[in-house]
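Asker:
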Amino acid sequence: MLALWDLSVFGYLFFLVGLSVLAGATGALGIRAGAQAVPSLVCFYSVILAIYALVVGLVGAFSETGAFSPSDGVLGFIALLGFLVWLLAMGTTLVREPRAVVPAPAPPPPAQRESVTVCGDAE
């Protein structure tokens, strides 16, 4: 029974690393795309959650007791709640009706130079 408990704790650390990769990639791609697919608030939340989950997962891998402990620590539970909030936010964002993207107006063509004839230069 203790082996199964240790396996579940070890698996939870892999969950935190996977969450940080998924949320970080989603947030970075959303910020890079300019909030066309995902709102910027969700993108920044994704990046913050990714950093938090990575820190909790890495420190939790080396602690057996305390706040960072994956078995009885509160910070891992907060990461799980953060994941649930992130999942809800991403789900509602991706299900909602897409906004119409209005293309930016094209820049005006460069002005044509007028040829100026200076006295004495005329041919």
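Residue 105 in my numbering sits at position 105 of the sequence shown; the count goes up by one each step and never skips.
Using N, Cα and C, we set each Cβ at its ideal position, and we do this for glycine too.
Is DSSP giving ARG96 helix, strand or coil here?
Answerer: Locating residue 96 in the sequence shown gives position 96, where the first residue counts as 1. Three-state DSSP puts ARG96 in coil, outside helix and strand.
Asker: Assign VAL95 to one of two classes, buried (16 or more other C-beta atoms within 10 Å of its C-beta) or exposed (fewer than that).
Answerer: Indexing the sequence shown from 1 puts residue 95 at position 95. VAL95 comes out exposed.
Asker: Taking Cβ to Cβ, would you say PHE68 is nearer than 8 Å to VAL56?
Answerer: Along the sequence shown, one-based indexing puts residue 68 at 68. Along the sequence shown, one-based indexing puts residue 56 at 56. For PHE68 and VAL56, yes; Cβs fall inside 8 Å.
Asker: Can you tell me whether DSSP reads ALA61 as helix, strand or coil?
Answerer: The residue you call residue 61 lines up with position 61 of the sequence shown. If DSSP states are grouped into helix, strand and coil, ALA61 belongs with coil.
Asker: Around the C-beta of THR92, are 16 or more other C-beta atoms found within 10 angstroms, so that it is buried, or is it exposed?
Answerer: Residue mapping note: residue 92 aligns to position 92 of the sequence shown, counting from 1. It counts as exposed.
Asker: Out of LEU81, GLY76, ALA106, point me to the one whose CA is closest to TYR12's CA.
Answerer: The count along the sequence shown starts at 1 and reaches residue 12 at position 12. When each option's Cα is compared against that of TYR12, the closest is GLY76.
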